[in-house]
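Data first, discussion second: the structure below is written as structure tokens.
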Ligand SMILES: Cc1cc2nc3c(=O)[nH]c(=O)nc-3n(C[C@H](O)[C@H](O)[C@H](O)COP(=O)(O)O)c2cc1C
């Protein structure tokens, strides 16, 4: 029976970029992760993995890598001399949309576990000219898994933010984390919100709904 509870959660959720320092209870985090296991995936392979970055040492290394990455980009643009606006944007995306993740009490990096070749990879190897890319299905799976995560967190009273911008500043995330069997796709913050952002505008149904 439709009681509007889910609709309320969906509409109330915002991307949170300021967190209280106190960490959420571990049982809550487990509950959220458990919700992600119920996400659909191709042939139910359940390929999504959540790596929680707890080690101060690794967080520091990651932060330094991002700071160096940003400086490298700015330097490259300096030598090209004509990208003032892009330089400004790089600074904004670094300062406003990336480094806040280190102030979140819980930080995940989320990705797809690499597996040995299955049916789809063998199809691809056979070069049959099929216009189907396995990566699409796996990327969709990450999206759905994260959707379960952020909505469950909202339902429990926690804030989240999905981040992909940090990868602009990171050279080799697998090497940095010493994890080589996961294709990382995004970072994900979690904690008690310390802000209530105004909801950004949404497009209308007529813009997104196309009948042919
Ligand atoms: C795939 C994806 C990547 C995103 N990357 C970032 C990011 O790197 N940094 C950031 O601050 N927000 C990021 N966001 C959050 C969006 O900016 C946010 O969802 C959007 O502005 C709508 O706001 P809302 O989530 O509060 O409704 C990302 C969201 C998605 C779905």
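Residue numbers (my numbering): 198 to 409. All C-beta atoms in this analysis are idealised placements derived from N, C-alpha and C, irrespective of residue type, glycine included. Predicted model, so just to flag it, every value in this text is computed and none were measured.
C-beta contact flag for residue i and residue j at 8 Å
i           : j           : result
residue 260 : residue 299 : yes
residue 384 : residue 266 : no
residue 241 : residue 308 : no
residue 344 : residue 214 : no
residue 296 : residue 271 : no
residue 394 : residue 303 : no
residue 368 : residue 262 : yes
residue 306 : residue 226 : no
residue 230 : residue 247 : yes
Beta carbon proximity, residue i to chain C, threshold 8 Å
i           : result
residue 287 : No chain C appears in the structure shown, which is made up of a single protein chain.
Near ligand 1: residue i beta-carbon under 7 Å from a heavy atom
i           : result
residue 355 : no
residue 401 : no
residue 233 : no
residue 359 : yes
residue 397 : yes
residue 394 : yes
residue 212 : yes
residue 294 : yes
residue 362 : yes
residue 344 : no
residue 383 : yes
DSSP three-state assignment for residue i, whether helix, strand or coil
i           : result
residue 280 : coil
residue 213 : coil
residue 256 : helix
residue 363 : helix
residue 390 : strand
residue 375 : coil
residue 247 : strand
residue 380 : strand
Residues near residue i by beta carbon distance below 8 Å, same chain, minus five either side
i           : result
residue 258 : 373
residue 382 : 307, 308, 309, 336, 339, 361
Own chain partners of residue i with C-beta closer than 7 Å, once the 5 adjacent residues on each side are dropped
i           : result
residue 348 : 206, 207, 210
residue 217 : 388, 389, 391
residue 327 : 320
residue 317 : 331
Chain-order list of residues whose beta-carbon lies under 6 Å from that of residue i (same chain, five-residue window excluded)
i           : result
residue 239 : 334
residue 342 : 233, 236, 245
residue 291 : 267
residue 264 : none
Report the residue ranges of all alpha helix (DSSP H) runs contained in full by the region 295-361; include only those spanning at least 4 residues, in chain order. Inside the region 295-361, DSSP marks whole alpha helix (DSSP H) runs of 4 or more residues at positions 316-322, 331-353, from first to last along the chain.
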